[in-house]
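Residue numbers (the UniProt record's numbering): 1 to 223.
Notes for the one structure printed next.
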Amino acid sequence: MSQGSDSSDGEGEVCPVAIGNPDSSYVLETYRRRNFCTSQDTSGDSLFCRWLNRRFEPSRSANTRWCTCGTCVAFPMARENVCCQELVDVNTSVHTEVFTRVSEKLKSVSGRCIVEHPSFQKFVLDKEGISLWIENKRFECGPKSSTSATMDEPRRYRYYAYRCFVLWAYGHVGLGKRLEIPACVRKAIMEAYPSQSGYVGFRESSSSTDVVDEEIWYNKDFC
């Protein structure tokens with residue numbers, strides 16, 4: 001069997017390399033390419049940014065000095081305070097292919113923010129397009145209870161707009177992962193589908209944004 005072929009013991013997860021004694025560096029690189037998570041679970045750490053693979057200081061939520069695109073706002077969770085420009089300034093990451101995709105998107109932007117991309121409105125914010133996502137998910141979930149069905153419409157549309165952005169900008173990241181969405185993108189989505197309970201306007205403090213959206217985004221069982 002060749003080194004690069006897939007193999008399985010007949011049950012469970014498919015091994016991305018041949019069974020035997022393959023080179024360890026080859027195994028690790030294969031897992032990175034296939035977007036398998038080789039690090040510890042950090043989903044409960046509000047300071048750890050999966051995108052940049054590091055922990056932020058809690059004070060990151062107090063201002064937007066980290067923003068270089070000019071349109072970001074600060075959110076309650078420190079890990080959510082990421083600028084679209086930061087996503088392409090990192091030299092090394094386990095998300096190399098995703099970084100490449102984002103870099104290509106930013107090359108088509110007239111300014112500095114990814115929300116200015118000519119396709120952003122059509123593929124991320126368009127209500128008719130998002131409605132198709134929602135309808136398809138209802139079909140996939142079948143008769144089981146759907147979390148989104150009990151939510152108000154703007155909140156449901158925000159969640160699926162996040163998913164539209166991820167597929168458009170990142171591609172398939174695999175295995176139910178939830179990479180952070182740039183703060184500038186979240187701002188655009190929240191302005192397009194504002195909360196009925198009323199976060200009006202955005203401040204640099206965390207009080208004006210809805211942390212519940214972030215919690216749902218990290219829930220891989222959400223339908």
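Cβ atoms here follow ideal geometry from the backbone N, Cα and C, with glycine treated the same way.
The model shown is predicted, which means the values in this text are computed figures rather than measured ones.
Beta-carbon spacing of residue i, residue j below 7 Å
i, j, result
"Cys67", "Phe56", "no"
"Leu167", "Val173", "no"
"Lys127", "His117", "no"
"Cys69", "Cys141", "no"
"Asn81", "Ala183", "yes"
"Pro154", "Gln196", "yes"
"Gly171", "Arg101", "yes"
Reduced DSSP category for residue i - H, G, I as helix; E, B as strand; rest coil
i, result
"Phe56", "coil"
"Phe120", "helix"
"Tyr193", "coil"
"Phe99", "helix"
"Ile130", "helix"
"Ile181", "coil"
"Ile114", "helix"
"Val166", "helix"
"Cys141", "helix"
"Ala161", "helix"
"Asn81", "coil"
"Pro154", "helix"
"Ala74", "coil"
"Lys105", "helix"
"Val88", "helix"
According to DSSP, residues forming a beta bridge with residue i
i, result
"Cys67", "Paired residues: none, contrary to the question."
"Cys49", "Arg54"
Residues near residue i by beta carbon distance below 7 Å, same chain, minus five either side
i, result
"Asp221", "Only weak support exists for where Asp221 lies, its pLDDT of 46 falling under 50; the coordinates are left without a value."
"Pro58", "Leu47, Ala78"
"Ser61", "Ala74, Phe75, Pro76, Ala78, Asn81, Ser206"
Cβ-Cβ separation, residue j to residue i (assumed contact under 8 Å), whole Å
i, j, result
"Val88", "Ser103", "5 Å"
"Val185", "Cys84", "7 Å"
"Ala181", "Tyr162", "It is Ile, not Ala, that sits at residue 181 in the sequence shown. Between Tyr162 and Ile181 the Cβ distance is about 6 Å, and since that is below 8 Å, they are a contact."
"Val124", "Cys164", "5 Å"
Neighbourhood of residue i by C-beta, 6 Å cutoff - its chain only, sequence neighbours within 5 removed
i, result
"Gly188", "Strictly speaking, residue 188 in this sequence is Ala, with Gly absent from that position. Only Val115 meet the Cβ criterion."
"Tyr160", "Ile130, Trp133, Ile134"
"Gly111", "none"
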